[in-house]
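Down below is the structure, laid out as structure tokens.
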Amino acid sequence: MSLRIVVCVKYVPDATGDRHFADDLTVDRDDVDGLLSELDEYAVEQALQIAEEADDAEITVLTVGPEDAKDALRKALSMGADKAIHVEDDDLHGTDVMGTSLVLAKAIEKAGYDLVITGMASTDGTMGVLPAILAERLGVPQVTLLSEVKVEDGTVTGRRDGDSASEQLEASLPALVSVTDQSGEARYPSFKGIMAAKKKPVESWDLEELEIESDEVGLEGSWTAVDSAAQRPARTAGTIVKDEGEGGKALAEFLAGQKFI
Amino acid sequence: MAEVLVYVDHVDGAVRKPTLELLTLARRIGEPVAVALGAGAADTAAVLAEHGAVKVLTADAPEFADYLVVPKVDALQAAYEAVSPAAVLVPSSAEGKEIAARLAVRIGSGIITDAVDLEAGDEGPVATQSAFAASFTTKSRVSKGTPVITVKPNSAPVEAAPAAGAVEALAVTFGALATGTKVVSRTPRESTGRPELTEAAIVVSGGRGVNGAENFHIIEELADSLGAAVGASRAAVDAGWYPHSNQVGQTGKSVSPQLYIASGISGAIQHRAGMQTSKTIVAINKDAEAPIFDLVDYGVVGDLFAVVPQLTEEIKARKG
């Protein structure tokens, strides 16, 4: 029986660009190029490895986002995913993590799944809570923050490296997995993969298709409110000295002056 | 006065510092009621009472250790239903954020993560957060349900504020999802004797310039002279020179110590995302053009293999 894997990915503003907020205090996406969140590449990679080990598997990549978010799907398809679903709707602008997780959960259920894989966090919001929320909404086990993952005979196992201990986890499918940047370097799309991706199906769904009301998402349906966003003042230029043999001692003097020694 | 639930992070009854900081913040918005779960839960009561907990709700069951996250969510939800708090505060650890997230969905509440400050507002608690590699500061609040907020370590001082700290047993019924993810085995991380990275007042980090695992002792010796934690950049971790658990940055740990010393770290945006909110920043780097120098209060352009050992010796001499 086919193993149905859904990988949730996010299209994020490039962290090396000049990221800022728009007037409505949502992320300004117009001035910065977007790309597939680097941490989601690890999720796609693990999905590909799990599919390679399975007799028969199908990988669907799923994203919620504006028109440009298709770029993130294309990247995942060119890495080797089989098909893509893009949830796009004007009413989604400003949706917070609770709304996004609702949309993802409905889309995952509609697509059908045995295994959901996500990255550990997005590289823009960096909350890291979406995987747990999604597992709660789907009512399946969360096997999260894995640095190693394996799927065999309807069971997912993995290693979670926490602050104080390393844990070996186990759950039955269907389940939700999130992987860390320690799970294994993501592959680069090959030229063949890039060409093949152009022919792979990308479905577009809107809120109506998922039976979600517009007031459940967007800024209006958000469960949190940002009241202000201020750019941090640039740090005042510090003292920079060139080491001429006494650099360590000079630094110690500075630290002593600041009462650190 | 409204009650505020505070989730207690502890190891066999020893309360970790971020929880005590949470009690300081909780007192700004109400009366702290602490929730301590698992082995040693009742042993946390004395220190929690010293820091302002009016009540300590405790529960222990094998489920807390044998299954991942969800049993703790069931327990925190039971506490929420017993108390009807004005807010729920949880430390921003990986597990803390997952517990808070699932609770928020269940009780129909918004969630704010990684707050660095918290104050009372007209429409409920207002949380300060850092965004976009700490280049922005935002103020947010939860607009639906009971605010669930996770708070980063080092966000508030630990203050003594003696309170009753009456221990009460919390009745918990585990739901069907509680046993979904089994913890098959657990290998405790070996203690280095150094402070926990995210909690440390001083962090000394090494990067690509350290040029090999065999050289990291230079960084460790400086850290030990200051009683500091050791961090590493992603480049150093990816090269296998230092464990991932010590990685500072966007995909590692985010730290906000009083003093951050970066050695041989150029300061890529991903690293800056994890340390930019440090109070005082010092860097040692050969490359005068390295972006880390844009952030520093004090920078030394020089060879870390000369500067760092000299610094360590000088600190030791001054401390006598």
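So the protein lines, in turn, are chains A and B. Position 217 of the first sequence, counted from 1, bears residue number 217 in this note's numbering, the numbering being contiguous throughout. Position 108 of the second sequence, counted from 1, bears residue number 369 in this note's numbering, the numbering being contiguous throughout. Using N, Cα and C, we set each Cβ at its ideal position, and we do this for glycine too.
task = Indicate whether the contact test is met: 3 or more Cβ pairs, each with one atom in the stretch 37-45 of chain A and one in the stretch 118-126 of chain A, closer than 8 Å.
result = yes
#### Entry: Where A381 of chain B falls: helix, strand or coil (DSSP)
coil
**OP:** Can you give me, in chain order, the residues of the stretch 428-445 of chain B that have a beta carbon less than 8 Å from any beta carbon in chain A?
**Re:** L438, G441, T442, K443, V444, V445
With a floor of 4 residues, list each alpha helix (DSSP H) that falls wholly inside the stretch 198-256 of chain A, ordered by position along the chain.
none
Quick one: list the residues of chain A neighbouring V543 of chain B, beta-carbon separation under 8 Å, in chain order. L251, F254, L255
* **Residue-chain proximity (H505 of chain B, chain A), Cβ-Cβ < 8 Å** => yes
Using only the heavy atoms of the ligand MN, determine whether one of them is closer than 7 Å to the beta carbon of A484 of chain B.
This structure lacks the ligand MN; in fact it carries no ligand of any kind.
Practice task
List the residues of chain B that S37 of chain A touches, going by C-beta distances under 8 Å, in chain order.
Solution key: Near S37 of chain A there are no residues of chain B at all, since even the closest Cβ is about 11 Å away, more than 8 Å.
- Does the beta-carbon of V267 of chain B have 16 or more other beta-carbons within 10 angstroms, so that it is buried, or is it exposed? buried
Do you know offhand how far S446 of chain B's Cα is from A165 of chain A's? 10 Å
Query raised in the report: G406 of chain B touches chain A at which residues, Cβ-Cβ below 9 Å?
Result: W223
Let me make sure I understand the geometry here. Which of B:S353, B:T442, B:L379 has the alpha-carbon closest to that of T126 of chain A? B:S353
Exercise for review: Leaving aside the five residues before and after G247 of chain A along the sequence, list all residues of the same chain whose C-beta is less than 7 Å from its C-beta, in chain order.
Suggested key: V241
*Residues of chain A with a CB under 8 Å from the CB of R289 of chain B: which are they?*
Near R289 of chain B there are no residues of chain A at all, since even the closest Cβ is about 17 Å away, more than 8 Å.
Please list the partners that A395 of chain B has in chain A, where partner means a Cβ-to-Cβ separation under 7 Å.
R232
| task | Compare the C-beta of F91 of chain A with all C-beta atoms of chain B and state if any pair is closer than 8 Å. | result | Inspection of the sequence shows that residue 91 of chain A is occupied by Asp rather than by Phe. It does not: the Cβ of D91 of chain A has no partner Cβ on chain B nearer than 8 Å.
inquiry  = I'd like to check one pair, K200 of chain A with A84 of chain A: are the Cβ atoms closer than 8 Å?
reply    = yes
If you drop the 5 nearest sequence neighbours on each side, which residues of the same chain put their C-beta closer than 6 Å to that of T538 of chain B? S391, A395, S517
Problem set entry | Spatial neighbours of T582 of chain B in its chain, beta-carbon cut-off 7 Å, leaving aside the 5 residues before and after | Since the first and last residues shown for chain B are 262 and 581, residue 582 of chain B lies out of range.
T399 of chain B - partner residues in DSSP beta bridges:
A:A229, B:Q390
Checklist line | For P570 of chain B, the three-state DSSP class (helix, strand or coil) | finding: helix
- Message: In the DSSP assignment, the beta strand (DSSP E) including P279 of chain B goes from what residue to what residue?
- Response: Where P279 of chain B is concerned, there is no enclosing beta strand (DSSP E), although the alpha helix (DSSP H) it sits in stretches over 278-290.
- Taking C-beta to C-beta, are V310 of chain B and A425 of chain B nearer than 8 Å? A small fix is needed here, since residue 310 of chain B is Ala in this sequence, not Val. In contact: A310 of chain B and A425 of chain B (Cβ atoms closer than 8 Å).
- Message: Can you check whether the C-beta of V412 of chain B is within less than 8 Å of a C-beta belonging to chain E?
- Response: Of the chains in the structure shown, none is chain E; the protein chains are A and B.
- Query: Are the C-beta of A355 of chain B and some C-beta of chain A separated by less than 8 Å?
  - Reply: yes
- Proximity to D124 of chain A [Cα-Cα], best of A:S172, A:A76, A:R235, A:G34: A:G34
**Asked** Using a Cβ-Cβ distance under 8 Å, would Q338 of chain B count as near chain A?
**Response** no
Check: Do you know offhand how far H478 of chain B's Cα is from A132 of chain A's?
Finding: 38 Å
| Per-residue contacts from R367 of chain B into chain A (C-beta, under 8 Å) | E136
- Per-residue contacts from I530 of chain B into chain A (C-beta, under 9 Å): A15, T16
Can you give me the C-alpha to C-alpha distance between L169 of chain A and V412 of chain B, rounded to a whole angstrom? 27 Å
Quiz prompt | DSSP state of S101 of chain A mapped onto helix, strand, coil | solution = helix
On the DSSP bridge list, what partners appear for R159 of chain A? A:E148, A:Q168
F566 of chain B CB to nearest chain A CB: under 8 Å? no
Can you grab the Cα-Cα spacing for the pair I480 of chain B / A493 of chain B, in whole Å? 10 Å
Fill in: Local conformation of H532 of chain B per DSSP, three classes
helix
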